[in-house]
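**Student:** My structure is below; once you've seen it, I'll send some questions.
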Amino acid sequence: MSLIHPSPAASHRTFSEVLESLGQGDDPKLTLDEVVEAFGDRGLGALILVLTLMALLPWPPGGKAVFAVPIILLAFELAIQRNEVWLPRWALKASLSRVAYRRAVSRVLKPIRYVENLTRPRLPMLTGPGPEILMGSACVLLAAVMALPVPFGDMLPGLAMLFFALGVMQKDGVSVLIGAFWTAATAAYLFLIWKTVVEIVQAVAGWVAHLFG
């Protein structure tokens, strides 16, 4: 296990600047340990945000679970209001190709900067310790859903976590409300998937019963 005390130097740069700089290292692999250190003392929100972005990249089956696990751990730390980042050493060694990272970030950097410029501290009743406990708890469940093999099941929880993390990082209650909307959309989508599966199973069971009845 590892208790991380990131350098506060990164806090002087914007989130998008740190995100872009992570693609400029010499090592061909970008590790989670490097990501944690790069974001400095800006807290769990930034780490959940960047890990969610990385998880939304196209991965082979099971690849998203590599990022879902540390997201769950960080979200749990947010829920219990922990001030220091803790991650197991094996999670910190998780990596992806820096070239793939640069390619992916180049596609999302412009909208991230746009959203970054729109966010600001507002609606403080939605960004205090109480709401953070709720957001952390929700992100634990959302990250678990993201790792499931559900068709298109990663985008909706990913969007919810992105806005929750942005709300925590920027103390922006509007972002929290948007995150709550995407959380509700995720729940509705999962309900529809479950209802469809149940109906298919019932139809197949009825057909089999009729066939052998």
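Counting in our numbering, the sequence shown runs from 929 upward without gaps. Ideal Cβ positions, reconstructed from N, Cα and C, are used throughout, including at glycine. Since we're looking at a predicted model, the values are computed, not measured.
#1: Determine the extent of the beta strand (DSSP E) in which Val1013 is found, giving its start and end residues.
#2: Buried or exposed: which applies to Lys1021, given that a residue is buried once 16 or more other Cβ atoms fall within 10 Å of its Cβ?
#3: Check the C-beta distance from Gly953 over to Arg1026 and give it rounded, since I have them as a contact under 8 Å.
#4: Let me check understanding here. Comparing Cα to Cα, which of Thr1111, Gly1086, Val1073, Leu947 lies closest to Ala983?
#5: Taking 9 Å as the threshold (C-beta atoms), are Gly1081 and Val1068 in contact?
#6: Report the CB separation of Ser949 from Ala966 in whole angstroms; it is logged as a contact under 8 Å.
#7: Whose C-beta lies closer than 8 Å to the C-beta of Leu1024 among residues of the same chain, with five residues either side of it excluded?
#8: For Pro1049, tell me which candidate among Gly951, Met1097, Val963 has the shortest Cα-Cα distance.
#9: Among Ser1065, Glu1127, Glu1044, which has the Cα closest to the Cα of Val946?
#10: For Leu1118, I'd like the list of residues in its chain whose CB is within less than 8 Å of its CB, leaving aside the five on either flank, ordered along the chain.
#11: Going by DSSP, name the residue or residues bridged to Thr959.
**Tutor:** According to the data block:
#1: 1013-1015
#2: exposed
#3: 6 Å
#4: Gly1086
#5: no
#6: 7 Å
#7: Lys957, Leu958, Met982, Leu985
#8: Met1097
#9: Glu1044
#10: Val1073, Val1078, Gly1081
#11: Ser1023
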